[in-house]
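In our numbering, the protein residues as written are 10 to 137. Data block below; observations after.
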Amino acid sequence: MSAELKLAFVIRMQGINGVSLKVRKALQLLSLQQTFRSTFVEQNMASNNMLRIVEPYITWRYPNLKSANELIYKCGYGKISKKRIALTENALIALSLGKYSIICVEARIHEIYSWKIKPYFPGKNIIK
10 MSAELKLAFV IRMQGINGVS LKVRKALQLL SLQQTFRSTF VEQNMASNNM
60 LRIVEPYITW RYPNLKSANE LIYKCGYGKI SKKRIALTEN ALIALSLGKY
110 SIICVEARIH EIYSWKIKPY FPGKNIIK
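Shown next as structure tokens:
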């Protein structure tokens, strides 16, 4: 892994009937409780170990800015007042993330891709 921080896009592809508790816990920590759920994951030693544990059940790649943009516009959801809301309207983004100086979908995409959002958010529930 290079010295720069990498962001991985992870998708859960298979069910987990009959798998060990360790695999289930790793999927839970990666916010991948359901099949075809996806998330962006920061690449560090802990996340790499978890990805190795759940490798038969997931697929993951390093997205470029264009693909991250397309993924968020087509499939991006966030939680606002405990409700799952599509990340399409700038008014909703400004209402919920305005205190972090994120006022539009493009700013949200830039923050996620450059991973500058980490100090404000603990690393999960970035995109569902």
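Note that CB positions come from ideal geometry on N, CA and C, so glycine has one too.
With distances taken Cα to Cα, identify the nearest neighbour of residue 100 among 33, 93, 111.
-> Looking at the Cα atoms, 111 is the closest of the given residues.
Rounded to whole angstroms, what's the CA-CA distance from residue 95 to residue 25? Just pull it up for me.
-> Using only the alpha carbons, I get a separation of about 27 Å.
Taking the C-alpha atoms as reference points, what is the distance between residue 20 and residue 83?
-> Cα to Cα, the separation comes out at about 15 Å.
Nearest-angstrom Cβ-Cβ length linking residue 30 and residue 67, presumed shorter than 8 Å = No, residue 30 and residue 67 are not in contact; Cβ-Cβ is about 17 Å, not under 8 Å.
Does the distance from the C-beta atom of residue 118 to that of residue 81 stay below 7 Å?
-> In contact: residue 118 and residue 81 (Cβ atoms closer than 7 Å).
Please go through the region 37–83 and give each complete beta strand (DSSP E) segment of 3 or more residues, from N-terminal end onward.
-> Segments of the beta strand (DSSP E) lying fully in the region 37–83: 47–51, 67–70.
Taking 7 Å as the CB-CB cut-off, is residue 48 touching chain D?
-> Among the chains in the structure shown there is no chain D, since it carries only a single protein chain.
Between the CA atoms of residue 52 and residue 16 - distance to the nearest angstrom = Residue 16 and residue 52: Cα-Cα distance of roughly 6 Å.
Can residue 49 and residue 18 be called in contact, C-beta distance under 7 Å?
-> Yes.
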